[in-house]
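In our numbering, the protein residues as written are 37 to 591.
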(Lines of atoms letter the chains of each structure in order from A; the text may use other names.)
(Lines give C-alpha, C1' and ligand atoms only; values in the text may rest on other atoms or scores of the structure.)
Protein backbone atom coordinates (compact mmCIF):
# COMPACT_ATOMS: atom_id res chain seq x y z
CA UNK A 37 0.00 0.00 0.00
CA UNK A 38 1.33 3.43 -0.90
CA UNK A 39 2.59 5.54 2.00
CA UNK A 40 0.38 8.54 1.24
CA UNK A 41 -2.78 6.38 1.17
CA UNK A 42 -1.74 4.63 4.39
CA UNK A 43 -1.32 8.02 6.10
CA UNK A 44 -4.78 9.14 4.94
CA UNK A 45 -6.36 6.00 6.38
CA UNK A 46 -4.48 6.35 9.67
CA UNK A 47 -5.67 9.96 9.86
CA UNK A 48 -9.22 8.65 9.21
CA UNK A 49 -9.53 10.95 6.23
CA UNK A 50 -11.55 8.38 4.29
CA UNK A 51 -13.00 10.76 1.72
CA UNK A 52 -9.52 11.87 0.69
CA UNK A 53 -8.44 8.23 0.56
CA UNK A 54 -11.37 7.41 -1.73
CA UNK A 55 -10.43 10.31 -4.02
CA UNK A 56 -6.83 9.08 -4.04
CA UNK A 57 -7.84 5.67 -5.47
CA UNK A 58 -10.49 7.08 -7.81
CA UNK A 59 -8.41 6.27 -10.94
CA UNK A 60 -7.37 2.78 -9.78
CA UNK A 61 -8.30 -0.16 -11.99
CA UNK A 62 -10.65 -2.79 -10.51
CA UNK A 63 -7.91 -5.38 -9.90
CA UNK A 64 -5.64 -2.86 -8.21
CA UNK A 65 -8.45 -1.57 -5.97
CA UNK A 66 -9.46 -5.12 -5.02
CA UNK A 67 -5.86 -5.89 -4.07
CA UNK A 68 -5.74 -2.69 -2.02
CA UNK A 69 -8.95 -3.54 -0.15
CA UNK A 70 -7.43 -6.91 0.74
CA UNK A 71 -4.53 -5.07 2.40
CA UNK A 72 -6.57 -2.48 4.32
CA UNK A 73 -6.61 -3.05 8.06
CA UNK A 74 -9.97 -4.21 9.45
CA UNK A 75 -10.39 -1.04 11.53
CA UNK A 76 -10.29 1.10 8.38
CA UNK A 77 -12.01 -1.30 5.95
CA UNK A 78 -15.70 -0.39 6.33
CA UNK A 79 -15.26 3.40 6.67
CA UNK A 80 -13.05 3.33 3.57
CA UNK A 81 -15.67 1.31 1.63
CA UNK A 82 -18.38 3.75 2.74
CA UNK A 83 -16.40 6.56 1.13
CA UNK A 84 -15.83 4.77 -2.20
CA UNK A 85 -18.02 5.43 -5.21
CA UNK A 86 -20.75 2.75 -5.43
CA UNK A 87 -19.84 1.75 -9.01
CA UNK A 88 -16.16 1.46 -8.14
CA UNK A 89 -16.90 -0.57 -5.01
CA UNK A 90 -19.26 -2.87 -6.94
CA UNK A 91 -16.59 -3.66 -9.55
CA UNK A 92 -13.99 -4.38 -6.89
CA UNK A 93 -16.40 -6.43 -4.78
CA UNK A 94 -16.72 -9.04 -7.52
CA UNK A 95 -12.97 -9.71 -7.36
CA UNK A 96 -12.83 -10.29 -3.60
CA UNK A 97 -13.14 -13.63 -1.80
CA UNK A 98 -16.50 -14.52 -0.21
CA UNK A 99 -15.38 -13.81 3.38
CA UNK A 100 -14.37 -10.25 2.52
CA UNK A 101 -17.51 -9.79 0.42
CA UNK A 102 -19.62 -10.86 3.40
CA UNK A 103 -17.79 -8.48 5.73
CA UNK A 104 -18.21 -5.49 3.39
CA UNK A 105 -21.85 -6.20 2.43
CA UNK A 106 -22.76 -6.79 6.07
CA UNK A 107 -21.24 -3.45 7.05
CA UNK A 108 -22.93 -1.32 4.39
CA UNK A 109 -26.07 0.62 5.25
CA UNK A 110 -29.23 -0.33 3.32
CA UNK A 111 -29.15 2.71 1.03
CA UNK A 112 -25.42 2.17 0.31
CA UNK A 113 -25.93 -1.52 -0.35
CA UNK A 114 -28.81 -0.81 -2.73
CA UNK A 115 -26.64 1.54 -4.81
CA UNK A 116 -23.80 -0.98 -4.93
CA UNK A 117 -26.04 -3.92 -5.91
CA UNK A 118 -27.68 -1.81 -8.63
CA UNK A 119 -24.27 -1.74 -10.32
CA UNK A 120 -23.91 -5.54 -10.23
CA UNK A 121 -25.53 -7.75 -12.87
CA UNK A 122 -28.11 -10.41 -11.99
CA UNK A 123 -25.68 -13.24 -12.88
CA UNK A 124 -22.95 -11.80 -10.66
CA UNK A 125 -25.43 -11.22 -7.83
CA UNK A 126 -26.53 -14.86 -8.00
CA UNK A 127 -22.90 -15.97 -7.77
CA UNK A 128 -22.42 -13.81 -4.67
CA UNK A 129 -25.63 -15.13 -3.11
CA UNK A 130 -24.54 -18.75 -3.40
CA UNK A 131 -21.67 -18.21 -0.95
CA UNK A 132 -23.43 -15.93 1.52
CA UNK A 133 -25.27 -16.69 4.79
CA UNK A 134 -29.05 -16.18 4.79
CA UNK A 135 -29.02 -12.84 6.62
CA UNK A 136 -26.83 -11.39 3.84
CA UNK A 137 -28.84 -13.07 1.06
CA UNK A 138 -32.07 -11.51 2.36
CA UNK A 139 -30.53 -8.06 2.11
CA UNK A 140 -29.21 -8.29 -1.44
CA UNK A 141 -31.60 -10.62 -3.28
CA UNK A 142 -34.09 -8.79 -5.52
CA UNK A 143 -36.86 -10.13 -7.74
CA UNK A 144 -34.60 -10.57 -10.77
CA UNK A 145 -32.03 -12.44 -8.68
CA UNK A 146 -34.69 -14.79 -7.28
CA UNK A 147 -36.05 -15.47 -10.76
CA UNK A 148 -32.51 -16.24 -11.93
CA UNK A 149 -32.09 -18.71 -9.08
CA UNK A 150 -35.39 -20.28 -10.10
CA UNK A 151 -34.29 -20.49 -13.73
CA UNK A 152 -31.12 -22.28 -12.61
CA UNK A 153 -33.20 -24.49 -10.29
CA UNK A 154 -30.90 -23.57 -7.42
CA UNK A 155 -33.28 -24.81 -4.73
CA UNK A 156 -30.59 -25.05 -2.05
CA UNK A 157 -30.33 -21.24 -2.01
CA UNK A 158 -33.88 -20.49 -3.13
CA UNK A 159 -35.85 -22.44 -0.53
CA UNK A 160 -34.43 -20.86 2.67
CA UNK A 161 -34.42 -17.45 0.97
CA UNK A 162 -38.13 -17.59 0.10
CA UNK A 163 -39.07 -19.04 3.49
CA UNK A 164 -37.72 -15.90 5.22
CA UNK A 165 -39.36 -13.38 2.89
CA UNK A 166 -42.47 -11.28 3.54
CA UNK A 167 -45.68 -12.33 1.76
CA UNK A 168 -46.00 -8.97 -0.02
CA UNK A 169 -42.45 -9.21 -1.39
CA UNK A 170 -43.09 -12.80 -2.43
CA UNK A 171 -46.22 -11.76 -4.34
CA UNK A 172 -44.03 -9.41 -6.36
CA UNK A 173 -41.79 -12.35 -7.24
CA UNK A 174 -44.77 -14.38 -8.44
CA UNK A 175 -46.01 -11.47 -10.56
CA UNK A 176 -42.58 -11.23 -12.20
CA UNK A 177 -42.60 -14.92 -13.16
CA UNK A 178 -43.23 -15.35 -16.88
CA UNK A 179 -43.72 -19.14 -17.08
CA UNK A 180 -46.87 -20.62 -15.53
CA UNK A 181 -44.96 -23.79 -14.65
CA UNK A 182 -42.52 -21.73 -12.56
CA UNK A 183 -45.44 -20.32 -10.56
CA UNK A 184 -46.28 -23.80 -9.32
CA UNK A 185 -42.64 -24.58 -8.50
CA UNK A 186 -42.29 -21.37 -6.47
CA UNK A 187 -45.56 -22.01 -4.67
CA UNK A 188 -44.61 -25.56 -3.71
CA UNK A 189 -41.27 -24.41 -2.32
CA UNK A 190 -43.01 -22.16 0.24
CA UNK A 191 -44.17 -23.32 3.68
CA UNK A 192 -47.96 -23.88 3.70
CA UNK A 193 -48.94 -20.92 5.88
CA UNK A 194 -46.61 -18.52 4.01
CA UNK A 195 -47.97 -19.80 0.69
CA UNK A 196 -51.50 -18.90 1.77
CA UNK A 197 -50.45 -15.43 2.95
CA UNK A 198 -48.64 -14.84 -0.35
CA UNK A 199 -51.66 -16.08 -2.34
CA UNK A 200 -53.82 -13.35 -0.77
CA UNK A 201 -51.36 -10.64 -1.83
CA UNK A 202 -51.11 -11.79 -5.47
CA UNK A 203 -52.76 -10.06 -8.39
CA UNK A 204 -56.01 -11.79 -9.44
CA UNK A 205 -54.49 -12.85 -12.79
CA UNK A 206 -51.65 -14.66 -11.01
CA UNK A 207 -54.11 -16.24 -8.56
CA UNK A 208 -56.20 -17.54 -11.45
CA UNK A 209 -53.18 -19.06 -13.21
CA UNK A 210 -52.06 -20.70 -9.99
CA UNK A 211 -55.49 -22.15 -9.22
CA UNK A 212 -55.49 -23.82 -12.62
CA UNK A 213 -52.10 -25.39 -11.82
CA UNK A 214 -52.82 -26.56 -8.26
CA UNK A 215 -54.34 -29.96 -7.66
CA UNK A 216 -57.46 -30.27 -5.47
CA UNK A 217 -55.55 -31.14 -2.32
CA UNK A 218 -53.19 -28.18 -2.70
CA UNK A 219 -56.08 -25.81 -3.42
CA UNK A 220 -57.94 -27.05 -0.34
CA UNK A 221 -54.82 -26.51 1.80
CA UNK A 222 -54.60 -22.91 0.57
CA UNK A 223 -58.29 -22.22 1.16
CA UNK A 224 -58.10 -23.71 4.66
CA UNK A 225 -55.38 -21.17 5.53
CA UNK A 226 -57.26 -18.16 4.13
CA UNK A 227 -59.42 -15.88 6.25
CA UNK A 228 -63.05 -15.84 5.14
CA UNK A 229 -63.04 -12.25 3.84
CA UNK A 230 -60.00 -13.06 1.70
CA UNK A 231 -61.82 -16.08 0.25
CA UNK A 232 -64.82 -13.87 -0.58
CA UNK A 233 -62.53 -11.31 -2.28
CA UNK A 234 -61.00 -14.14 -4.30
CA UNK A 235 -64.41 -15.41 -5.43
CA UNK A 236 -65.59 -11.93 -6.45
CA UNK A 237 -62.63 -11.50 -8.81
CA UNK A 238 -62.57 -14.96 -10.41
CA UNK A 239 -64.47 -16.27 -13.47
CA UNK A 240 -67.31 -18.75 -12.90
CA UNK A 241 -65.21 -21.84 -13.71
CA UNK A 242 -62.65 -20.94 -11.03
CA UNK A 243 -65.36 -20.02 -8.49
CA UNK A 244 -66.98 -23.44 -8.87
CA UNK A 245 -63.66 -25.14 -8.15
CA UNK A 246 -62.94 -22.92 -5.14
CA UNK A 247 -66.38 -23.58 -3.65
CA UNK A 248 -66.04 -27.29 -4.32
CA UNK A 249 -62.87 -27.38 -2.19
CA UNK A 250 -64.45 -25.39 0.67
CA UNK A 251 -66.27 -27.13 3.51
CA UNK A 252 -70.04 -26.75 3.97
CA UNK A 253 -69.76 -24.23 6.81
CA UNK A 254 -67.38 -21.99 4.82
CA UNK A 255 -69.65 -22.15 1.77
CA UNK A 256 -72.60 -21.07 3.91
CA UNK A 257 -70.69 -18.08 5.29
CA UNK A 258 -69.45 -17.16 1.81
CA UNK A 259 -72.99 -17.20 0.43
CA UNK A 260 -74.14 -15.09 3.37
CA UNK A 261 -71.52 -12.39 2.74
CA UNK A 262 -72.06 -12.42 -1.03
CA UNK A 263 -75.73 -11.53 -0.45
CA UNK A 264 -74.79 -8.10 0.85
CA UNK A 265 -74.66 -5.19 -1.66
CA UNK A 266 -71.27 -4.79 -3.30
CA UNK A 267 -70.43 -1.44 -1.67
CA UNK A 268 -71.80 -2.27 1.78
CA UNK A 269 -69.95 -2.95 5.02
CA UNK A 270 -71.32 -6.50 4.96
CA UNK A 271 -69.48 -7.25 1.73
CA UNK A 272 -66.04 -6.55 3.24
CA UNK A 273 -66.49 -7.82 6.80
CA UNK A 274 -65.08 -11.00 8.25
CA UNK A 275 -66.83 -13.25 10.75
CA UNK A 276 -63.52 -14.41 12.25
CA UNK A 277 -63.39 -12.45 15.50
CA UNK A 278 -63.25 -13.32 19.21
CA UNK A 279 -66.50 -13.00 21.15
CA UNK A 280 -66.75 -13.15 24.94
CA UNK A 281 -69.58 -13.37 27.46
CA UNK A 282 -69.98 -10.67 30.16
CA UNK A 283 -70.04 -13.34 32.89
CA UNK A 284 -66.59 -14.67 31.98
CA UNK A 285 -63.61 -13.95 34.18
CA UNK A 286 -60.38 -12.61 32.72
CA UNK A 287 -58.92 -16.12 33.08
CA UNK A 288 -61.87 -17.58 31.16
CA UNK A 289 -61.43 -14.93 28.45
CA UNK A 290 -57.75 -15.78 27.98
CA UNK A 291 -58.59 -19.47 27.79
CA UNK A 292 -61.17 -18.79 25.06
CA UNK A 293 -58.71 -16.61 23.14
CA UNK A 294 -56.02 -19.31 23.31
CA UNK A 295 -58.51 -21.94 22.13
CA UNK A 296 -59.94 -19.99 19.17
CA UNK A 297 -57.29 -17.40 18.20
CA UNK A 298 -55.62 -19.50 15.51
CA UNK A 299 -58.67 -19.09 13.25
CA UNK A 300 -59.30 -15.41 13.98
CA UNK A 301 -58.19 -12.47 11.89
CA UNK A 302 -57.54 -10.25 14.92
CA UNK A 303 -57.49 -10.97 18.65
CA UNK A 304 -56.45 -7.58 20.04
CA UNK A 305 -60.05 -6.38 20.31
CA UNK A 306 -62.61 -8.86 21.67
CA UNK A 307 -66.35 -8.23 21.54
CA UNK A 308 -68.71 -8.92 24.42
CA UNK A 309 -72.10 -10.34 23.39
CA UNK A 310 -75.12 -11.82 25.17
CA UNK A 311 -76.76 -15.17 24.48
CA UNK A 312 -78.62 -13.66 21.48
CA UNK A 313 -75.32 -12.35 20.07
CA UNK A 314 -76.29 -8.71 20.71
CA UNK A 315 -73.23 -6.56 21.25
CA UNK A 316 -72.81 -5.27 24.80
CA UNK A 317 -69.28 -3.90 24.75
CA UNK A 318 -65.67 -4.58 23.85
CA UNK A 319 -62.47 -5.30 25.67
CA UNK A 320 -58.90 -5.14 24.39
CA UNK A 321 -56.07 -7.54 25.06
CA UNK A 322 -54.39 -4.73 27.00
CA UNK A 323 -57.44 -4.40 29.28
CA UNK A 324 -57.40 -8.13 29.94
CA UNK A 325 -53.67 -8.25 30.66
CA UNK A 326 -53.88 -5.38 33.15
CA UNK A 327 -56.95 -6.72 34.98
CA UNK A 328 -57.06 -9.21 37.84
CA UNK A 329 -57.53 -12.83 36.76
CA UNK A 330 -60.75 -13.11 38.72
CA UNK A 331 -62.26 -9.85 37.40
CA UNK A 332 -65.42 -10.17 35.31
CA UNK A 333 -65.36 -9.10 31.66
CA UNK A 334 -68.52 -7.03 32.31
CA UNK A 335 -66.57 -4.94 34.84
CA UNK A 336 -63.70 -4.00 32.50
CA UNK A 337 -65.43 -3.81 29.13
CA UNK A 338 -66.03 -0.54 27.25
CA UNK A 339 -69.81 -0.19 26.90
CA UNK A 340 -69.83 2.83 24.56
CA UNK A 341 -69.22 0.82 21.39
CA UNK A 342 -68.89 2.53 18.01
CA UNK A 343 -70.25 0.27 15.30
CA UNK A 344 -71.69 0.22 11.77
CA UNK A 345 -74.60 -1.58 10.15
CA UNK A 346 -74.20 -4.26 7.51
CA UNK A 347 -75.85 -2.09 4.83
CA UNK A 348 -73.75 1.03 5.57
CA UNK A 349 -71.54 2.22 2.71
CA UNK A 350 -68.10 0.62 2.96
CA UNK A 351 -66.36 3.96 2.36
CA UNK A 352 -68.15 5.47 5.37
CA UNK A 353 -67.07 2.49 7.46
CA UNK A 354 -63.46 2.84 6.27
CA UNK A 355 -63.52 6.56 7.09
CA UNK A 356 -64.92 5.79 10.54
CA UNK A 357 -62.03 3.36 11.20
CA UNK A 358 -59.60 6.04 10.01
CA UNK A 359 -61.20 8.82 12.08
CA UNK A 360 -61.26 6.84 15.33
CA UNK A 361 -57.95 5.06 14.76
CA UNK A 362 -59.49 1.61 15.24
CA UNK A 363 -57.86 -1.68 14.31
CA UNK A 364 -61.33 -3.10 13.63
CA UNK A 365 -64.95 -1.94 13.67
CA UNK A 366 -67.86 -4.19 14.72
CA UNK A 367 -70.66 -4.67 12.16
CA UNK A 368 -74.19 -5.31 13.43
CA UNK A 369 -77.59 -5.99 11.88
CA UNK A 370 -80.73 -3.98 12.64
CA UNK A 371 -81.38 -6.09 15.78
CA UNK A 372 -77.93 -5.05 17.07
CA UNK A 373 -76.60 -8.60 16.69
CA UNK A 374 -72.87 -8.77 16.01
CA UNK A 375 -72.39 -10.39 12.61
CA UNK A 376 -68.79 -9.47 11.74
CA UNK A 377 -65.97 -6.94 11.87
CA UNK A 378 -64.16 -4.80 9.30
CA UNK A 379 -60.40 -4.74 9.93
CA UNK A 380 -57.94 -1.94 9.26
CA UNK A 381 -56.31 -3.70 6.28
CA UNK A 382 -59.66 -3.96 4.48
CA UNK A 383 -60.43 -0.32 5.33
CA UNK A 384 -57.14 0.79 3.77
CA UNK A 385 -57.98 -1.19 0.62
CA UNK A 386 -61.39 0.49 0.42
CA UNK A 387 -59.95 4.00 0.82
CA UNK A 388 -57.30 3.28 -1.81
CA UNK A 389 -59.93 1.98 -4.24
CA UNK A 390 -62.18 4.99 -3.64
CA UNK A 391 -59.31 7.44 -4.10
CA UNK A 392 -58.28 5.73 -7.34
CA UNK A 393 -61.89 5.84 -8.54
CA UNK A 394 -62.23 9.53 -7.67
CA UNK A 395 -59.00 10.43 -9.46
CA UNK A 396 -60.19 8.57 -12.56
CA UNK A 397 -63.56 10.34 -12.52
CA UNK A 398 -61.92 13.73 -11.98
CA UNK A 399 -59.90 13.07 -15.14
CA UNK A 400 -63.08 12.09 -17.05
CA UNK A 401 -62.16 8.39 -17.17
CA UNK A 402 -64.46 5.49 -16.31
CA UNK A 403 -62.78 3.71 -13.35
CA UNK A 404 -61.33 0.22 -13.85
CA UNK A 405 -60.11 -2.31 -11.29
CA UNK A 406 -57.26 -3.67 -13.40
CA UNK A 407 -53.66 -2.39 -13.11
CA UNK A 408 -52.64 -0.04 -15.93
CA UNK A 409 -50.06 -2.32 -17.57
CA UNK A 410 -52.52 -5.23 -17.52
CA UNK A 411 -55.36 -3.23 -19.04
CA UNK A 412 -55.88 -3.77 -22.77
CA UNK A 413 -55.86 -0.93 -25.29
CA UNK A 414 -59.51 -1.58 -26.20
CA UNK A 415 -60.48 -1.38 -22.50
CA UNK A 416 -58.63 1.93 -22.13
CA UNK A 417 -60.46 3.20 -25.22
CA UNK A 418 -63.82 2.25 -23.68
CA UNK A 419 -63.03 3.95 -20.37
CA UNK A 420 -62.07 7.24 -22.02
CA UNK A 421 -64.04 7.67 -25.24
CA UNK A 422 -67.50 8.39 -23.77
CA UNK A 423 -66.40 11.31 -21.61
CA UNK A 424 -64.17 12.70 -24.33
CA UNK A 425 -67.14 12.69 -26.75
CA UNK A 426 -69.34 14.45 -24.18
CA UNK A 427 -66.68 17.06 -23.43
CA UNK A 428 -65.92 17.55 -27.12
CA UNK A 429 -69.59 18.19 -27.90
CA UNK A 430 -69.75 20.53 -24.92
CA UNK A 431 -66.77 22.47 -26.23
CA UNK A 432 -68.56 23.05 -29.56
CA UNK A 433 -70.87 25.48 -27.73
CA UNK A 434 -67.83 27.61 -26.95
CA UNK A 435 -66.98 27.54 -30.65
CA UNK A 436 -70.52 28.64 -31.56
CA UNK A 437 -70.28 31.60 -29.20
CA UNK A 438 -66.92 32.67 -30.64
CA UNK A 439 -68.25 32.24 -34.15
CA UNK A 440 -71.17 34.55 -33.32
CA UNK A 441 -68.86 37.34 -32.11
CA UNK A 442 -66.02 36.67 -34.58
CA UNK A 443 -66.88 39.52 -36.94
CA UNK A 444 -67.23 42.00 -34.06
CA UNK A 445 -64.16 41.37 -31.90
CA UNK A 446 -60.87 42.96 -32.90
CA UNK A 447 -57.75 40.80 -33.20
CA UNK A 448 -56.24 41.82 -29.87
CA UNK A 449 -59.41 40.79 -28.04
CA UNK A 450 -59.54 37.40 -29.78
CA UNK A 451 -55.93 36.81 -28.71
CA UNK A 452 -57.03 37.16 -25.06
CA UNK A 453 -59.74 34.49 -25.26
CA UNK A 454 -57.43 31.49 -24.48
CA UNK A 455 -56.09 33.33 -21.42
CA UNK A 456 -59.61 34.10 -20.13
CA UNK A 457 -60.79 30.53 -20.72
CA UNK A 458 -57.70 28.91 -19.22
CA UNK A 459 -57.77 31.06 -16.09
CA UNK A 460 -61.49 30.42 -15.64
CA UNK A 461 -61.07 26.65 -16.02
CA UNK A 462 -58.17 26.56 -13.56
CA UNK A 463 -60.09 28.67 -11.03
CA UNK A 464 -63.13 26.42 -11.22
CA UNK A 465 -61.02 23.30 -10.89
CA UNK A 466 -59.32 24.65 -7.76
CA UNK A 467 -62.66 25.27 -6.09
CA UNK A 468 -64.19 21.95 -7.16
CA UNK A 469 -61.23 19.85 -5.97
CA UNK A 470 -61.25 21.63 -2.60
CA UNK A 471 -64.99 21.07 -2.10
CA UNK A 472 -64.87 17.45 -3.33
CA UNK A 473 -62.05 16.69 -0.88
CA UNK A 474 -63.99 18.36 1.95
CA UNK A 475 -67.09 16.31 1.04
CA UNK A 476 -65.15 13.04 1.02
CA UNK A 477 -63.64 13.79 4.44
CA UNK A 478 -67.01 14.78 5.89
CA UNK A 479 -65.84 18.36 6.55
CA UNK A 480 -68.66 19.79 4.42
CA UNK A 481 -72.33 18.74 4.10
CA UNK A 482 -75.03 19.80 1.62
CA UNK A 483 -76.52 22.07 4.28
CA UNK A 484 -73.28 24.08 4.26
CA UNK A 485 -73.85 25.23 0.66
CA UNK A 486 -74.28 28.92 1.54
CA UNK A 487 -71.21 28.89 3.80
CA UNK A 488 -69.17 27.33 0.98
CA UNK A 489 -70.43 29.79 -1.65
CA UNK A 490 -69.84 32.80 0.64
CA UNK A 491 -66.29 31.64 1.41
CA UNK A 492 -65.51 30.97 -2.27
CA UNK A 493 -67.07 34.31 -3.29
CA UNK A 494 -64.78 36.26 -0.96
CA UNK A 495 -61.78 34.20 -2.06
CA UNK A 496 -62.72 34.77 -5.71
CA UNK A 497 -62.86 38.56 -5.24
CA UNK A 498 -59.33 38.61 -3.81
CA UNK A 499 -58.01 36.30 -6.52
CA UNK A 500 -59.91 38.13 -9.25
CA UNK A 501 -58.54 41.52 -8.21
CA UNK A 502 -54.99 40.14 -8.08
CA UNK A 503 -55.21 38.46 -11.48
CA UNK A 504 -57.03 41.39 -13.10
CA UNK A 505 -54.39 43.85 -11.89
CA UNK A 506 -51.57 41.62 -13.13
CA UNK A 507 -53.36 41.14 -16.46
CA UNK A 508 -53.91 44.89 -16.93
CA UNK A 509 -50.26 45.72 -16.23
CA UNK A 510 -49.07 42.97 -18.54
CA UNK A 511 -51.33 43.92 -21.47
CA UNK A 512 -50.88 47.69 -21.23
CA UNK A 513 -47.20 48.03 -20.38
CA UNK A 514 -45.54 44.80 -21.60
CA UNK A 515 -47.62 44.01 -24.68
CA UNK A 516 -48.81 47.52 -25.55
CA UNK A 517 -45.79 49.71 -24.79
CA UNK A 518 -42.70 47.50 -24.56
CA UNK A 519 -43.56 45.02 -27.34
CA UNK A 520 -45.47 47.66 -29.35
CA UNK A 521 -48.38 45.31 -30.09
CA UNK A 522 -51.34 47.05 -31.69
CA UNK A 523 -54.75 47.48 -30.11
CA UNK A 524 -53.90 47.28 -26.41
CA UNK A 525 -55.32 50.66 -25.45
CA UNK A 526 -56.33 51.65 -21.95
CA UNK A 527 -59.99 50.79 -22.50
CA UNK A 528 -59.25 47.42 -24.17
CA UNK A 529 -56.92 46.40 -21.32
CA UNK A 530 -59.57 47.48 -18.78
CA UNK A 531 -62.27 45.37 -20.50
CA UNK A 532 -60.05 42.27 -20.63
CA UNK A 533 -59.12 42.69 -16.96
CA UNK A 534 -62.76 43.22 -15.95
CA UNK A 535 -63.81 40.14 -17.91
CA UNK A 536 -61.05 38.15 -16.19
CA UNK A 537 -62.23 39.39 -12.78
CA UNK A 538 -65.84 38.37 -13.49
CA UNK A 539 -64.76 35.02 -14.95
CA UNK A 540 -62.78 34.10 -11.83
CA UNK A 541 -65.77 34.87 -9.58
CA UNK A 542 -68.20 32.88 -11.72
CA UNK A 543 -65.75 29.97 -12.10
CA UNK A 544 -65.15 29.73 -8.35
CA UNK A 545 -68.88 29.72 -7.61
CA UNK A 546 -69.62 27.13 -10.32
CA UNK A 547 -66.70 24.96 -9.19
CA UNK A 548 -67.91 25.03 -5.58
CA UNK A 549 -71.61 24.57 -6.36
CA UNK A 550 -71.54 21.67 -8.85
CA UNK A 551 -70.05 19.04 -6.48
CA UNK A 552 -72.66 19.96 -3.85
CA UNK A 553 -75.45 19.67 -6.43
CA UNK A 554 -74.08 16.29 -7.50
CA UNK A 555 -74.11 15.15 -3.88
CA UNK A 556 -77.70 16.37 -3.52
CA UNK A 557 -78.70 14.36 -6.62
CA UNK A 558 -76.92 11.27 -5.15
CA UNK A 559 -74.22 11.40 -7.82
CA UNK A 560 -70.49 11.08 -7.23
CA UNK A 561 -69.13 14.65 -6.83
CA UNK A 562 -65.91 13.59 -8.57
CA UNK A 563 -67.88 13.15 -11.81
CA UNK A 564 -68.42 16.92 -12.11
CA UNK A 565 -64.79 17.77 -11.38
CA UNK A 566 -62.02 19.13 -13.58
CA UNK A 567 -62.96 18.48 -17.25
CA UNK A 568 -66.73 18.92 -16.78
CA UNK A 569 -66.40 22.19 -14.88
CA UNK A 570 -63.75 23.45 -17.32
CA UNK A 571 -66.14 22.89 -20.23
CA UNK A 572 -68.94 24.83 -18.49
CA UNK A 573 -66.67 27.64 -17.37
CA UNK A 574 -65.15 27.97 -20.87
CA UNK A 575 -68.58 28.71 -22.34
CA UNK A 576 -69.54 31.10 -19.52
CA UNK A 577 -66.22 32.96 -19.67
CA UNK A 578 -66.49 33.51 -23.44
CA UNK A 579 -70.05 34.83 -23.05
CA UNK A 580 -68.91 37.22 -20.29
CA UNK A 581 -65.87 38.38 -22.24
CA UNK A 582 -67.70 38.94 -25.50
CA UNK A 583 -70.68 40.56 -23.78
CA UNK A 584 -68.53 43.01 -21.83
CA UNK A 585 -66.47 43.83 -24.90
CA UNK A 586 -69.56 44.66 -26.95
CA UNK A 587 -71.24 46.60 -24.13
CA UNK A 588 -68.26 48.70 -23.02
CA UNK A 589 -66.29 49.15 -26.24
CA UNK A 590 -69.41 49.59 -28.39
CA UNK A 591 -68.29 47.07 -31.01
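Glycine is no exception: its CB is placed at the ideal position from the N, C-alpha and C atoms.
For a cut-off of 8 angstroms, the C-beta gap from residue 249 to residue 219 is around 5 angstroms, short enough to register as a contact. DSSP, read as helix, strand or coil, puts residue 251 in coil. Residue pairing by DSSP puts residue 306 in a beta bridge opposite 319. Taking each of 52, 343, 500, 568 in turn and checking the Cα distance to residue 537, the smallest one comes out for 500. A residue is called buried when at least 16 other Cβ atoms come within 10 angstroms of its Cβ; residue 524 meets this threshold and is buried. For residue 195, the enclosing alpha helix (DSSP H) starts and ends at 192–201. By the C-beta density criterion, residue 520 is exposed, having fewer than 16 other C-beta atoms within 10 angstroms. The Cβ-Cβ distance between residue 65 and residue 88 falls below 8 angstroms.
Shortest Cα-Cα distance from residue 554 to any of 305, 514, 471, 510 involves 471.
A straight line joining the alpha-carbon of residue 511 with that of residue 585 spans about 16 angstroms.
One Cα belongs to residue 226, the other to residue 197, and the distance between them is close to 7 angstroms.
Runs of the alpha helix (DSSP H) lying entirely within the segment 68–155 and spanning at least 4 residues, in chain order: 74–83, 86–93, 98–107, 110–118, 122–130, 134–140, 143–151.
Put simply, the backbone Cα of residue 485 is about 25 angstroms away from that of residue 387.
Here residue 557 is exposed, its C-beta having fewer than 16 other C-beta atoms within 10 Å. The shortest CA-to-CA distance from residue 244 to any of 208, 496, 476, 414 is the one to 208. The beta-bridge partner set that DSSP reports for residue 338 consists of 318. DSSP, reduced to helix, strand and coil, places residue 571 within a helical segment of the structure shown. Between the beta-carbon of residue 101 and that of residue 140 there is about 10 angstroms, and that puts the pair past the 8 angstroms contact cut. For residue 371, the closest alpha carbon among the candidates 188, 214, 316, 483 is that of 316. In its chain, beyond the 5 residues on either side, 136 have a beta carbon closer than 6 angstroms to the beta carbon of residue 105. Look at residue 471 here: in three-state DSSP terms it is helix. Residue 516: not part of any alpha helix (DSSP H); DSSP gives it neither H nor E.
In the three-state DSSP reduction, residue 214 falls in the coil class, being neither helix nor strand. In this structure residue 162 touches residue 190 by the C-beta definition: roughly 6 angstroms separates them, less than 8 angstroms. A straight-line Cα-Cα distance of about 13 angstroms links residue 507 and residue 451. The DSSP-derived three-state label of residue 377 is strand. The beta carbon of residue 123 sits closer than 8 angstroms to those of 148, all from its chain and outside the five residues before and after it, given in chain order. By the criterion of at least three beta-carbon pairs nearer than 8 angstroms, the segment 321–331 is not in contact with the segment 353–368. For the pair residue 569 and residue 542, the CB atoms are not nearer than the 8 angstroms cut-off. Contact check for residue 51 against residue 83 passes: the beta carbons are separated by less than 8 angstroms. By the beta-carbon neighbour count (other beta carbons within 10 angstroms, threshold 16), residue 454 is exposed. For residue 275, the secondary structure class from DSSP, reduced to helix, strand or coil, is coil. Judged by pairs of C-beta atoms under 8 angstroms, the segment 293–310 touches the segment 268–279, as three or more such pairs exist.
The residue among 341, 344, 247, 323 with its C-alpha nearest the C-alpha of residue 335 is 323. Annotated three-state conformation of residue 50 is helix, per DSSP. Listed in chain order, the non-local C-beta contacts of residue 283 below 8 angstroms within the same chain comprise 332, 333, 334, local neighbours out to five positions each way being set aside.
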